[in-house]
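See below for the structure under consideration.
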Amino acid sequence: MLPSHDRFPYSAITDRPDFSWPGGKRLAVYVALCVEHFPYGSGLGLPYSPGLSHPNSYNWAWREYGNRVGGWRLIDLFDAHRLPLTVLLNTECYEHCPELVAALRRRSDEIVAHGRTNGEHQNGMGLEEERRLIAEATEAIRRHEGKSPAGWMSPGAHPSANTEDLLAEAGYRYTLDWPMDDQPVWMRTTGGPLLSVPYPHEVNDVPMVVLHDGTAPAFADMAIDNFDEMLRQSKDQPLAYGITIHSFIIGQPFRIKQFRRVLEHLDAHRDEVWFATAGQIADHFAGLMPPPVDSGPAVS
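Everything in the sequence shown is counted per the UniProt record's numbering, starting at 1 for the first residue and increasing by one.
Have a look at this one:
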C-alpha cells in the first residue's frame, strides 16, 4: 500500500446519500476573496518578477495594489450584484489596511483565517511554531470581529501534516486546504472530526492567471463553464462550487471587466442556486450529515 494521510477514505460521489441545500437547491455557490499582506524585503508569496533579489519593490507593489485599489473595486462589484463573499484574510491586514477589512465587515462577509501573512507557510514549521501561528491568527480575528473564525485556509495553500490536528484542537469547524471533492468531506484528526469544504484549485486566479498565463476572458469563461456544467450535474448529486479570486489579481481593472460577466451569469440563475459562504455550506452539511463513526480521532 502507498503511504496515506489517513484523514478520510476514498468515496465515489455516485455512492453517497442524497440531500439538498436550503430551499431545495442542488448547487451551492460561494466566492472566496483572498485579502493578503506581505513583508517588504523578504518572505514567500506569488512572484510577478521571479529571480529578482530582495527588496523587490515591483513584486511587493503588485500585491499591495489589491489592498489599495483592487479590493475596493471588488467590493463595489459584489455590492452591485448582491452577492456574499468568503474573505480569506491574512490577519496582518488588521494593522496594515484596517479600512479595507472594516468595509468587508460592514457587508457581513464571512472572515476565514488565512494565517498571519502569505509571506510564510506552515509546511516546514515545528509543531509549537505552527500552533502559535494558528493561535495568533485566531485571536486577531476574535478580537476584531467579536467571534472566532470557523474556517481556515493555510497561507500559500501549504498546510503541514499537523495542520488539521491543530485546527481541530483550536476549535475550527472546517478547512479549505483539501481541493479533492465537490461535496464537503469529514476528516479524521487527533482532536475529532473536521470538515473539508470544497475549495477550487482550478477555478482560482492563481493557477489560471499567474501560473498558467491564462487571460482575463479565459478565466471568466472557465468560471462560467464550470458553473453551467456543475448546475447540470447537480441534478444527480448536490454539489458545492467555489471560485477563488485575489484582490491584486482579479482586482486589476481589465480582469474586473471580464469577471463582471461571471457575476452577471450567476445572477441570471439566482433562482436555481444557493449563494452562500463557505461557513454556511459547512454548517448546513454538518446539520444534515453528522460525522461518521470512523471519523474520530486519527492516530497521531
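Heads up, the beta-carbon is just placed ideally off N, CA and C, and yes, glycines get one too.
Which residue from P9, P238, F259, H284 puts its Cα closest to that of E272? Shortest Cα-Cα distance from E272 to any of P9, P238, F259, H284 involves P238.
Is the number of C-beta pairs between the region 158-171 and the region 202-219 that are closer than 8 Å three or more? As far as the Cβ criterion goes, the region 158-171 does not touch the region 202-219, which means the pair count is below three.
Would you report the Cα separation of Q252 and D109, rounded to the nearest angstrom? C-alpha separation (whole angstroms): 21 Å.
Assuming R188 and F19 form a contact by the criterion Cβ under 8 Å, report the distance between their Cβ atoms to the nearest whole angstrom. 22 Å between Cβ atoms; not a contact.
Segment limits, alpha helix (DSSP H) that includes E264: Looking at the DSSP string, the run of the alpha helix (DSSP H) that includes E264 is 253-268.
Measuring only the C-alpha atoms, how far is residue 305 from Y94? Absent from the model: residue 305. The displayed extent of the chain is 1 to 300, so no value can be given.
Look at the alpha carbon of L83 and the alpha carbon of P291, and state the distance between them as a whole number of angstroms. Cα to Cα, L83 sits roughly 30 Å from P291.
Beta bridge counterpart(s) of T175 as assigned by DSSP: Per DSSP, W152, S196.
Should L85 and F78 be called a contact, given that it needs their Cβ atoms to be closer than 7 Å? It is a contact, given that the beta carbons lie within the stated cut-off.
Using a threshold of 7 Å, state whether the C-beta atoms of A245 and A223 are closer than that. Before going on, a small fix: residue 245 reads as Ile here, not Ala. Contact flag unset, no.
Whole-angstrom C-beta distance between D177 and T163, which should lie under 8 Å: Indeed, because the Cβ distance is near 7 Å, the residues count as touching under 8 Å.
Three or more C-beta pairs below 8 Å linking the region 213-233 and the region 43-56: For the pair of segments examined, the region 213-233 was found not to touch the region 43-56: the number of CB pairs separated by less than 8 Å stays below three.
Put F8 into one of helix, strand or coil per three-state DSSP. The three-state secondary structure of F8, taken from DSSP, is coil.
By the 10 Å Cβ neighbour count, where 16 or more other Cβ atoms means buried, how is D15 classified, buried or exposed? By the neighbour-count definition (other C-beta atoms within 10 Å, threshold 16), D15 is an exposed residue.
Give a yes or no on contact between the region 124-139 and the region 52-65, applying the rule of three or more CB pairs nearer than 8 Å. Of all C-beta pairs linking the region 124-139 to the region 52-65, fewer than three are shorter than 8 Å, placing the two stretches out of contact.
As assigned by DSSP and simplified to three states, the class of I281: Three-state DSSP puts I281 in a helix.
Let me know the alpha helix (DSSP H) ranges lying completely inside the region 32-113, each 4 residues or longer, listed in chain order. As far as the region 32-113 is concerned, its whole alpha helix (DSSP H) runs of at least 4 residues are 57-65, 71-80, 93-96, 98-106.
With H, G and I counted as helix, E and B as strand and the rest as coil, what does DSSP make of V203? Of the three classes helix, strand and coil, the one that applies to V203 here is coil, per DSSP.
Would you tell me roughly how many angstroms separate the C-alpha atoms of N204 and I249, rounded to the nearest one? Answer to the nearest angstrom: the Cα atoms are 10 Å apart.
Along the chain, where does the alpha helix (DSSP H) that runs through T138 open and close? Counting along the chain, the alpha helix (DSSP H) containing T138 begins and ends at 127-145.
For A278, which residues from the same chain have a beta carbon less than 6 Å from its beta carbon, with the 5 sequence-adjacent residues on both sides left out? The residues Y30, T86, G151, V197, in chain order, have a CB closer than 6 Å to that of A278 in the same chain once the five nearest residues on each side in sequence are set aside.
Less than 7 Å between the C-beta atoms of N90 and N118, yes or no? Yes.
How is the beta strand (DSSP E) around L239 delimited, first residue to last? Per DSSP, L239 belongs to the beta strand (DSSP E) from 239-246.
Who pairs with R187 in a beta bridge, going by DSSP? According to the sequence shown, residue 187 is Met rather than Arg. Residue pairing of M187 in beta bridges, as defined by DSSP: L194.
Could you work out which residue in W274, E169, R73, Y241 is closest to L127 when comparing CA atoms only? Looking at the Cα atoms, E169 is the closest of the given residues.
Taking Cβ positions, are A218 and F259 nearer each other than 7 Å? No, these two residues do not count as a Cβ contact at 7 Å.
How would you write the range of the alpha helix (DSSP H) that R232 sits in, first residue to last? Going by DSSP, R232 is part of the alpha helix (DSSP H) stretching over 216-233.
Reducing DSSP to helix, strand and coil, say where L2 ends up. Shown here, L2 sits in coil according to DSSP, grouped into three states, outside any helix or strand.
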